[in-house]
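Each residue of the sequence shown is one higher than the one before, counting from 170 in this note's numbering.
We put the CB at the ideal spot given by N, CA and C, even for glycine.
A quick note: this is a predicted structure, and the numbers were derived from the prediction, not measured.
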Amino acid sequence: MKKEKRIFGKALMILSLLFFYIPILYMIVFSFNSGRSLTNFEGFSLTWYEHMFKNRDMMESLYTTITIALIATLVATLLGTISAIGLSKSRKFLKSFVLQLNDFPIMNPEIVTAIGFMLLFITFHIERGFMTMLLAHIAFCTPYVILSIMPKIRSLDPNLADAAMDLGATPWQALTKVLVPQIMPGIFSGALIAFTMSFDDFIISYFVTGGGVKNLSIMVYTMSKRINPSINAISTLVVVLITIVLVIINVIPIIRERKEKKHEKIIN
């Protein structure tokens, strides 16, 4: 009976992986199709990649997406880290109240958040474009960073910073050399989530943008209304970029661990 359950579990896992990854593989294969068909592979070609790089709107949307994602991630990570550390030193009632407010944007439907941002910018007569999209992305990414860092802070000794200052460290040194290194995994996870959320966002971006400013999600949405295999090419490029980032992220800790082990062996 246990063996049958294991076989069933493995089969279910394989089917789930196939369900998620076959469409991606299909997209990658047809990005090299010489024809315009999205169902019939007519031959290998880099035609759609050439079209993609020659398409100014598409390259601008990719540049906008990456720029906003990087800036939003940097600012949201900084704000989220400061907020999380500040909340850890706050009174219980205030901390509980702020954390509940922090959970609200995460649980709130994205369409409601998008309309809220749009009405906010219209009310204050703020011209929608790159800056409004960036501000919106920072706003909805910050709660995810706080949510990722708080469990790490809870696991720390609350007297850690005080102990460091008792030993002669300044408050800044206690923050940067004691607290931050201890919660770095949470900061890193929060930054990755923020980058992914910003890079992938469509609904909020669609409602807060204007002046011809488009990110990749909006560009793909507008192109999906007509057959354009260049969508496959730019989507494949994004998959490759994300894969490279994931490989680097997973390889760096392994290299660091090996260096630390070698250093320990040399010392011993």
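Asked: CB of S324 within 9 Å of CB of A238, strictly; Found: no
Asked: Per-residue burial, D370 [other beta carbons within 10 Å of its own, 16 or more giving buried]; Found: buried
Asked: Separation of A343 from F376, as counted between CA atoms; Found: 42 Å
Asked: Residues near P320 by beta carbon distance below 8 Å, same chain, minus five either side; Found: G355
Asked: Span separating the alpha-carbon of P274 from that of F309; Found: 7 Å
Asked: A241 burial status per 10 Å Cβ neighbour count (16 or more: buried); Found: buried
Asked: Same chain, Cβ closer than 6 Å to S404, neighbours up to 5 away in sequence not counted; Found: M196
Asked: Rounded distance between the beta-carbons of I280 and K372, thought under 8 Å; Found: Sequence inspection shows Ile at residue 372; the Lys mentioned does not correspond to that position. Confirmed, about 6 Å.
Asked: Where the alpha helix (DSSP H) through R225 begins and ends; Found: R225 to S257
Asked: Range covered by the alpha helix (DSSP H) that runs through T282; Found: E279 to T292
Asked: Touch test, the segment 312 to 319 against the segment 253 to 270, Cβ-Cβ under 8 Å, three pairs minimum; Found: yes
Asked: Helix, strand or coil at L202 [DSSP, three-state]; Found: As written in the sequence, residue 202 is Asn, which differs from the Leu given in the question. Residue state, collapsed to three classes: strand.
Asked: Nearest neighbour of P327, chosen from I352, A360, R225 and L181 [CA to CA]; Found: I352
Asked: In chain order, each alpha helix (DSSP H) run of at least 4 residues that lies wholly inside the segment 327 to 365; Found: 329 to 335
Asked: S451 - containing alpha helix (DSSP H), residue span; Found: Nothing about residue 451 can be read from this structure; the chain reaches only from 170 to 437.
Asked: Cβ contact check for the segment 200 to 208 and the segment 383 to 399: 3 or more pairs under 8 Å; Found: yes
Asked: CB of Y218 within 9 Å of CB of L406, strictly; Found: yes
Asked: Which listed residue (K174, S257, E229 and R175) has its alpha carbon closest to that of M388; Found: E229
Asked: Whole-Å CB distance - V382 paired with G285, under 8 Å assumed; Found: 20 Å between Cβ atoms; not a contact.
Asked: Rounded separation between T339 and K434 - CA only; Found: 33 Å
Asked: Selected residue, minimal CA-CA separation from V347, among A330, L336 and D335; Found: A330
Asked: Option nearest L194 by Cα separation, candidates I417, K431, L415 and V408; Found: V408
Asked: Three-state class that DSSP yields for F309 in the structure shown; Found: helix
Asked: Buried versus exposed, by CB contacts within 10 Å (16 or more), S374; Found: buried
Asked: Coil, strand or helix - F177 by DSSP; Found: helix
Asked: Sub-9 Å separation of M302 and T246 beta-carbons; Found: no
Asked: For F210, three-class secondary structure by DSSP; Found: coil
Asked: Which of helix, strand or coil DSSP assigns to F371; Found: coil
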